[in-house]
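Sequence lines, in order, name chains A and B. 423 is the number that this note's numbering gives the last residue of the first sequence; the numbers go up by one with no jumps. 269 is the number that this note's numbering gives the last residue of the second sequence; the numbers go up by one with no jumps.
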Amino acid sequence: MIETILAQLVNGLVIGAVYSLIAVGLTLIWSIADIPDFAQGGIYTFAAFAAYFTVTLLHFPYFFSLVVAVITGTLLSVTIEKVCYRPLRGSPFSQLLVAIALFFLLANLAIFLWTPKAKILPSPLEGIILNFAGFSVSLQRITVIAAAFALFIAVNFLLKRTKLGKAIRATAQDPETATLMGINRDFIYTVIFALGGCLTAIAAALIAPLYAVYPEMGTLPLLKALVVVVFGGMGSFIGALAGGFLLGLIETFGAIYVSVAYQHGFAFIILILTLIFKPGGLFGRS
Amino acid sequence: MLNIENIDVSYGEVQVLWDVSFNVNKGEIVAFVGSNGAGKTTTLKTISGLLHPIKGSIKFLDNHIEKMKPHKIVELGIAMVPEGRRVFPYLTVLENLELGAYTKRASQYLEDSLEWVYQLFPRLKERKNQLAGTLSGGEQQMLAIARALMSKAQLIMMDEPSLGLQPTIVTEIFKTIEQLNKQEITILLVEQNVAKALEISNRAYVIENGRIVLSGDSESLLKDKEVKKAYLGI
């Protein structure tokens, strides 16, 4: 009994870490650039494939594949902003359509390039099992949770303590006045898209050894991360963080105590309830 | 220092400025007065690069700035105190001030500048760790001015600094503007409080329906019959 609960707690935190990582980037992009960046779903997939090929084709160690995934995700995200979103700045509806188009385009490009077949990304950490008084968990799972927390501390430091972070927050609060301070808006956009792509890529490469690498793998995490942004409160770092973990836990425990059939439905029930009862989200400002 | 020649500015299809020319010399306070909707704010936004003229030129020191982006213009030494203060509400007073010194040119003087603006506005020092959104209107105006000063600008443009403030604070703000001018800061002041603006400025331009209709030294404008009737209500 207690072991089941502990195991589900770990599973919930692992999947929650993935939602939180994607949602933190999404919430920054959404609140500053005004784009619900569906393309992050495709970036998630491409980053996982980059990690997969680094390990299986190039025979580099798994840790190195994380770096390759991050570089892939960051470059892809920044390029998409420059090439696809920037020329459409000022017409948010067109940007939304392009974002949705990219979401499908990247998934289908992955099918075209690598077939829909699921692939296994081997990680040495998955083979190391830790035992705590009869309860066992793989080091990979612990790593996902620990890495997520380390990244959140780093992002929080960036946003709160650095000059760049202050410029990002100022741009989020009042973009026009921010430019009057000498802040280059294009540069801030590049930074937040880089950050978003980086976090999405890390999430994908960390969780890939636990599930599988396949072209549609980004769909559900992306949709759920979008829900987390609304649930946590648009633009709220702490909201994306807490909301992601909360959703991860609700899903895993809901799957056990309610029904597995609803596992992927809880997110959207939460979305509807949030929009009805707390449209600003948990940590929203208005 | 600032030379504006024959600029036309429009918002989409609607033209709001017509053939506007004026200049600001080093060390002056120049007032820009007129009724609501005359084009005062548009003029300032055009100088700061938030809008671009469809015709004409803007020269600051030796640079043509009419096509430059706002963040480049700040770097050259023009700062703006925007209408309605526009402090960053969820940043602290100190963080707002630090952002004022965001440019490369200004950031090397950050500590000195902070000391200077805290001396000018001791209340900001007391509240440095408070969120700017929780300050009173007068304090927010002081913060907006202080933030502009942090940029080490040679020219500061102020858009309606007295708007919506109680009379004692208004007096204080105008005193500060005069005091800053004595420290060799050139000021372009947009005001609906015409009497006050003319009192403290060296020269003034009157703008109506997007055109400059009158200009001269402030003292003589204060005595001008037309100005008295139209703007001073006497």
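Note that CB positions come from ideal geometry on N, CA and C, so glycine has one too.
7 Å Cβ cutoff, residue i in contact with chain A
{"i": "His87 (chain B)", "result": "no"}
{"i": "Val59 (chain B)", "result": "no"}
{"i": "Val109 (chain B)", "result": "yes"}
{"i": "Met115 (chain B)", "result": "yes"}
{"i": "Arg238 (chain B)", "result": "no"}
{"i": "Tyr137 (chain B)", "result": "yes"}
{"i": "Arg162 (chain B)", "result": "no"}
{"i": "Arg121 (chain B)", "result": "yes"}
Residue-chain proximity (residue i, chain B), Cβ-Cβ < 7 Å
{"i": "Leu317 (chain A)", "result": "yes"}
{"i": "Ile248 (chain A)", "result": "no"}
{"i": "Ile307 (chain A)", "result": "The sequence given here has Ala at residue 307 (chain A), not Ile. Judged by the 7 Å Cβ criterion, Ala307 (chain A) is in contact with chain B."}
Chain-ordered neighbours of residue i on chain B, where CB pairs are closer than 8 Å
{"i": "Lys426 (chain A)", "result": "Lying outside 138 to 423, the shown extent of chain A, residue 426 (chain A) is not represented and no answer is given."}
{"i": "Arg226 (chain A)", "result": "What Arg226 (chain A) touches in chain B: nothing, since even the nearest Cβ is about 13 Å away."}
{"i": "Gln310 (chain A)", "result": "Phe123, Pro124, Tyr125 and Leu126"}
Within chain A, the residues that residue i reaches when beta carbons sit closer than 7 Å
{"i": "Val225 (chain B)", "result": "Neighbours of Val225 (chain B) on chain A: none; closest Cβ ~15 Å, over 7 Å."}
{"i": "Pro105 (chain B)", "result": "Thr316 and Leu317"}
8 Å contact criterion, which residue i and residue j should meet: CB distance rounded
{"i": "Leu256 (chain B)", "j": "Val248 (chain B)", "result": "Rounded, the Cβ-Cβ distance is 12 Å, inconsistent with contact."}
{"i": "Gly418 (chain A)", "j": "Val367 (chain A)", "result": "6 Å"}
{"i": "Pro261 (chain A)", "j": "Val192 (chain A)", "result": "In fact, because the Cβ distance is near 10 Å, the residues do not count as touching under 8 Å."}
{"i": "Leu143 (chain A)", "j": "Phe272 (chain A)", "result": "5 Å"}
{"i": "Ile169 (chain A)", "j": "Ser214 (chain A)", "result": "Between Ser214 (chain A) and Ile169 (chain A) the Cβ distance is about 14 Å, and since that is not below 8 Å, they are no contact."}
{"i": "Tyr189 (chain A)", "j": "Lys256 (chain A)", "result": "6 Å"}
{"i": "Ala239 (chain B)", "j": "Val116 (chain B)", "result": "At roughly 18 Å, the Cβ-Cβ gap does not stay under 8 Å, so Ala239 (chain B) and Val116 (chain B) are not in contact."}
{"i": "Val155 (chain A)", "j": "Ile375 (chain A)", "result": "At roughly 18 Å, the Cβ-Cβ gap does not stay under 8 Å, so Val155 (chain A) and Ile375 (chain A) are not in contact."}
{"i": "Thr211 (chain A)", "j": "Cys335 (chain A)", "result": "5 Å"}
{"i": "Leu159 (chain B)", "j": "Ala181 (chain B)", "result": "6 Å"}
Residue i in three-state terms, based on DSSP
{"i": "Gln226 (chain A)", "result": "Residue identity differs from the one stated: residue 226 (chain A) is Arg in this sequence, not Gln. Correct three-state label for Arg226 (chain A): coil."}
{"i": "Arg238 (chain B)", "result": "strand"}
{"i": "Gly39 (chain B)", "result": "The question names Gly, but residue 39 (chain B) is Ile in the sequence shown. Looking at Ile39 (chain B) - three-state DSSP - the assignment turns out to be strand."}
{"i": "Ile329 (chain A)", "result": "helix"}
{"i": "Lys61 (chain B)", "result": "coil"}
{"i": "Ile139 (chain A)", "result": "helix"}
{"i": "Ile266 (chain A)", "result": "strand"}
{"i": "Glu226 (chain B)", "result": "strand"}
{"i": "Phe286 (chain A)", "result": "helix"}
{"i": "Arg278 (chain A)", "result": "helix"}
{"i": "Ala136 (chain B)", "result": "coil"}
{"i": "Leu146 (chain A)", "result": "helix"}
{"i": "Val122 (chain B)", "result": "coil"}
{"i": "Lys256 (chain A)", "result": "strand"}
{"i": "Glu261 (chain B)", "result": "helix"}
{"i": "Tyr46 (chain B)", "result": "strand"}
{"i": "Ile247 (chain B)", "result": "strand"}
{"i": "Phe452 (chain A)", "result": "No answer is possible for residue 452 (chain A): it lies beyond the span of chain A, which begins at 138 and ends at 423."}
{"i": "Phe249 (chain A)", "result": "helix"}
{"i": "Phe201 (chain A)", "result": "helix"}
{"i": "Phe272 (chain A)", "result": "strand"}
Closer than 8 Å at the beta carbon, the chain A residues around residue i
{"i": "Ser186 (chain B)", "result": "Met318 and Gly319"}
Contact set between residue i and chain B, taken where Cβ atoms lie within less than 7 Å
{"i": "Lys313 (chain A)", "result": "Here residue 313 (chain A) is Glu; the residue named in the question, Lys, does not match the sequence. Those are Leu85, listed as they occur along chain B."}
Enumerate, from N- to C-terminal direction, the unbroken beta strand (DSSP E) stretches of 3 or more residues contained entirely within the segment 142-218 of chain B. If we require 3 residues or more, the beta strand (DSSP E) runs fully inside the segment 142-218 of chain B come out as 190-194.
With a floor of 4 residues, list each alpha helix (DSSP H) that falls wholly inside the segment 295-349 of chain A, ordered by position along the chain. As far as the segment 295-349 of chain A is concerned, its whole alpha helix (DSSP H) runs of at least 4 residues are 300-310, 312-317 and 322-344.
Length at least 3, wholly inside the segment 363-408 of chain A: the beta strand (DSSP E) runs in chain order: Not a single unbroken stretch of the beta strand (DSSP E) spanning 3 or more residues falls wholly within the segment 363-408 of chain A.
So within the segment 50-117 of chain B, which uninterrupted alpha helix (DSSP H) runs reach at least 4 residues, ignoring any that extend past its ends? Counting whole runs of 4 or more residues, the segment 50-117 of chain B contains the alpha helix (DSSP H) stretches 75-83 and 105-111.
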